[in-house]
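Take a look at the structure set out below.
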Amino acid sequence: MSLRATRRATLKGISRAAALLGMSGAAAFLVRKAEGRVVWQIDTARCINSRAGEVGVKVCDLCLKECVVTQSAVRAVNEYSQCGRCNICPAYFNVTSAVSEKGVPSEKLCPRDAISRKPIGEVDPSDPANNFYEYVIDEAKCDGCGKCVMACKEPAGLGSIRLVVRHNLCVNCNSCAISTACPKDALTQLTVPESISASSRPAHSQS
Amino acid sequence: MVSRRILFTCLAGAAVPELKPAARGADWPQFRGPARDGVSRETGLLRQWPASGPKVLWTAPVGQGYAGAAIVGGKVFHHDYDETKSEWGVYCRSLATGKVIWSFSESRRIRPNHAITRTVPAADARFVFSIDPKCGLHCFDARTGKRLWNKDLVTAYKTPIPPWYNGQCPLIEPDRLIVATGGDAIMAALDKATGKELWRTPNTIKLHYSHASVMPATIGGVKQYLYSTLDGLLGVAAASGKLLWTYSRKFNVAAPVSPLPIEGDRVFLTGPYDAGSVMIRVRNTGGSFKAEPVFDMQANEWNSEVHTPIVFKGHMFAVGKKKRGLFTCLSFDGKTVWDSDGKAAFELGSFLLADGMFFVLEGKTGMLRLIEANTTGYKELAKAQVLSGQDVWGPMALSDGKLVLRDLTKMVCIDVRGS
């Protein structure tokens with residue numbers, strides 16, 4: 135057998151293997167799709183705005199800039215069970231702004247004023263700096279810019295805010311533009327049952 | 168969402184840049200030790216630990232917090248809070264056994280806000296001084312625990328109770344007690360036996376009270392008390408309480424780190440919430456003091472979130488913010504000489520220097536690492552899992568070869584001399 139013949143056989147084998155892999159991948163995708171709905175979601179362990187280990191870095195706003203949906207399909211959500219409910223919340227306030235007469239920063243962080251708060255629990259007028267607050271994100275205003283997520287990160291925050299893809303807004307592109315641009319490969323495809331994907335909000339979000 | 172837990176365990180520094188010849192059994196009478204510089208004068212400590220770690224002498228459950236201990240004459244003094252009874256308290260324990268010798272408690276409603284206790288008492292042979300979370304100042308008989316006098320700083324000085332509660336640890340001097348007050352006055356000197364005010368520094372320029380502690384220093388040949396506010400730094404004449412100088416520099420939300428005096432009439436200050444760090448120089452020209460910047464490090468350069476650096480051999484050592492808390496050796500011009508990158512991360516863990524070694528706690532795990540004190544590179548001598556976490560942020564105390572440390576809910580005493 136000549137060297138040329140051997141090379142041709144090898145190339146043919148590689149082509150067949152690639153084709154098989156492609157077909158099996160497509161088949162797997164179709165099977166997954168048949169089992170439920172394939173959706174995009176953000177892996178918080180990878181997202182640079184929320185993942186542990188990334189501090190002292192600039193906020194990443196690619197979820198806002200790259201999404202083909204107007205105002206993006208990504209939203210910030212606050213996991214209440216993890217929230218510190220602080221009076222001076224670095225995701226609510228721009229902590230670098232001047233101190234107001236009330237002793238809190240004078241400016242808010244969110245450029246779209248999407249976060250509001252109200253006092254909860256025992257309110258002590260003699261100790262106002264240690265009253266607790268519930269922070270609510272208005273998803274009609276939020277555009278997923280990620281600033282509050284970055285500010286909520288440890289050590290300043292507790293990491294209770296994260297970015298999620300809202301499936302009622304997402305048009306489910308096969309090649310998600312955010313996924314293509316994400317430097318941390320944080321956008322992943324998940325298969326969820328139709329009964330869940332039909333819901334516009336995951337059960338873990340703010341409530 | 169967010170939160171903040173800058174718990175104001177406050178560490179800070181004083182003007183003692185080098186280790187002095189040490190005494191075995193040296194007291195640790197207040198926050199950051201005898202000279203308030205984070206340095207113990209003890210010697211003869213173990214440089215290697217057995218595989219099981221240093222011997223645990225005793226443990227004690229404590230209410231959630233970061234309140235470290237002071238040690239005088241073989242007695243450990245620390246703050247605590249009992250949530251079941253809503254009682255704030257002070258405990259005196261035997262350093263050898265952990266057994267409670269006396270305790271004081273009083274009803275005090277304090278809502279947990281990233282824990283409750285976060286300060287260290289100041290003690291000598293006669294008195295124990297404590298500032299409670301809501302800025303009440305208390306003086307106790309060190310032998311019996313009887314409260315001798317108390318002063319509500321909120322009432323006396325209009326001190327604002329800060330978010331996450333008081334973080335200030337009082338400064339004990341041979342003849343007086345020094346406290347920052349905020350409100351109407353920025354600082355006051357009090358008679359130790361009676362609480363009577365000796366002088367006060369009027370807060371005419373409305374500086375904001377912080378979580379920092381007052382630090383002693385001699386600058387321009389004049390003994391001073393340094394304090395950091397959310398608005399910058401200041402120096403007060405120790406003799407009179409006169410405000411000698413201020414340096415405007417914005418710190419954000421909280422200033423838990425205390426001013427660090429550096430040789431050459433310099434003062435270093437660092438802080439959290441993207442505040443960065445600053446080095447200033449204070450000049451005395453015929454009794455007129457003026458502060459000027461030496462360098463200013465913005466956010467994302469280098470900063471410490473909570474703890475005040477320690478000065479050793481012409482360098483500063485501290486846990487920085489980057490990469491989950493790298494233990495870092497900095498030159499006096501703010502350049503990183505070495506750090507623990509790739510070897511260890513300490514989150515918001517505390518540290519102290521003794522016998523040429525840094526004891527550094529991992530703030531999340533409770534791992535205690537023994538690091539050689541040098542200016543050439545990170546060299547770990549030993550490590551031991553002495554606590555399990557979480558939030559191992561409270562400052563440590565060392566006396567008679569016994570290291571007292573804590574996590575959120577447990578206090579531990581370990582034998583680091585092996586005697």
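Which chain is which? The protein sequence lines are A and B, in order. Its first residue numbered 135, the first sequence is counted upward by one per residue in my numbering. Its first residue numbered 168, the second sequence is counted upward by one per residue in my numbering. Even for Gly, the Cβ is constructed at its ideal location relative to N, Cα and C. Nothing here was measured: the structure is a model prediction, and the numbers come from that model.
Distance between T311 (chain B) and W269 (chain B), taken at the CA atoms: about 7 Å. I353 (chain B) is positioned such that its CB atom lies no closer than 8 Å to that of L320 (chain B). Among the residues of chain B, those whose CB is under 7 Å from the CB of E256 (chain A) are R278, following chain order.
DSSP places M284 (chain A) within a helical segment (H, G or I) once states are collapsed to three. Counting along the chain, the unbroken beta strand (DSSP E) around G438 (chain B) starts and ends at R433 to G438.
By the neighbour-count definition (other C-beta atoms within 10 Å, threshold 16), I254 (chain A) is an exposed residue. Sequence-ordered contacts of the region 414-429 of chain B with chain A read N419 and V420 [C-beta pairs closer than 7 Å]. Cβ neighbours of A320 (chain A) within its own chain (closer than 6 Å, five residues either side excluded): I176, D177, R180 and C181. In terms of Cα proximity to G192 (chain B), the closest of B:L212, B:T226 and B:K301 is B:L212.
Between W174 (chain A) and C310 (chain A), the C-beta gap is smaller than 8 Å, which places the two residues in contact. N264 (chain A) sits buried, since 16 or more C-beta atoms from the chains shown fall within 10 Å of its C-beta. By the neighbour-count criterion, in which a residue is buried when 16 or more other Cβ atoms sit within 10 angstroms of its Cβ, Q335 (chain B) is buried. Identification of residues in the region 316-339 of chain B having a C-beta nearer than 9 Å to some C-beta of chain A yields V321, P327, I328, P329, P330, W331 and Y332, given in sequence order. Listed by position along chain A, the residues whose Cβ is nearer than 8 Å to that of P439 (chain B) are P289 and A290. For a Cβ distance threshold of 7 Å, residue set N419 and D441 of chain B lies close to T230 (chain A), ordered along the chain. For the C-beta of L397 (chain B), the chain A residues within less than 8 Å are, from N- to C-terminus, V233. Assigned with DSSP and collapsed to three states, P262 (chain A) falls in helix. Here C201 (chain A) is not near C244 (chain A), since their CB atoms are 8 Å or more apart.
Around the beta carbon of Q391 (chain B), 16 or more other beta carbons lie within 10 angstroms, which makes this residue buried. Along the region 249-282 of chain B, the positions whose C-beta sits under 9 Å from a C-beta of chain A are R276, I277, R278, N280 and H281, read in chain order. Look at the region 367-384 of chain B: the residues with a C-beta under 9 Å from a C-beta of chain A are H375.
With its beta carbon at least 8 Å from every one in chain A, E529 (chain B) lies outside the interface. For A236 (chain B), the three-state secondary structure derived from DSSP is coil. Among the residues of the region 464-488 of chain B, those with a Cβ less than 7 Å away from any Cβ of chain A are N467, E472 and K488, in the order of the chain.
Nearest to H301 (chain A) by C-alpha distance, out of A:C197, A:P224 and A:A207, is A:A207. Look at L303 (chain A) here: in three-state DSSP terms it is coil, with no helix or strand label. A distance below 8 Å separates the beta carbons of G349 (chain B) and N370 (chain B). Apart from the 5 residues on each side of it in sequence, G230 (chain B) sits with its Cβ closer than 8 Å to the Cβ of D247, Y248, D249, E250, I283, T284 and T576 in its chain, given in chain order.
At a Cβ-Cβ threshold of 8 Å, G205 (chain B) and L520 (chain B) count as neighbours. For K502 (chain B), there are no neighbours in chain A by C-beta distance under 9 Å, as the nearest C-beta there is about 17 Å away.
At a cut-off of 8 Å, the C-beta of N183 (chain A) has no neighbouring C-beta in chain B. Taking a contact to require three or more Cβ pairs closer than 8 Å, the region 455-469 of chain B and the region 531-547 of chain B do not qualify as touching. When Cβ-Cβ separations below 8 Å define contact, L575 (chain B) makes no contact with chain A.
CA-to-CA, the gap between E514 (chain B) and I277 (chain B) works out to about 27 Å.
Approximately 13 Å separates the beta-carbon atoms of F518 (chain B) and V478 (chain B); this is outside 8 Å, ruling out the contact.
V321 (chain B) carries a helical assignment under DSSP once its states are collapsed to helix, strand and coil.
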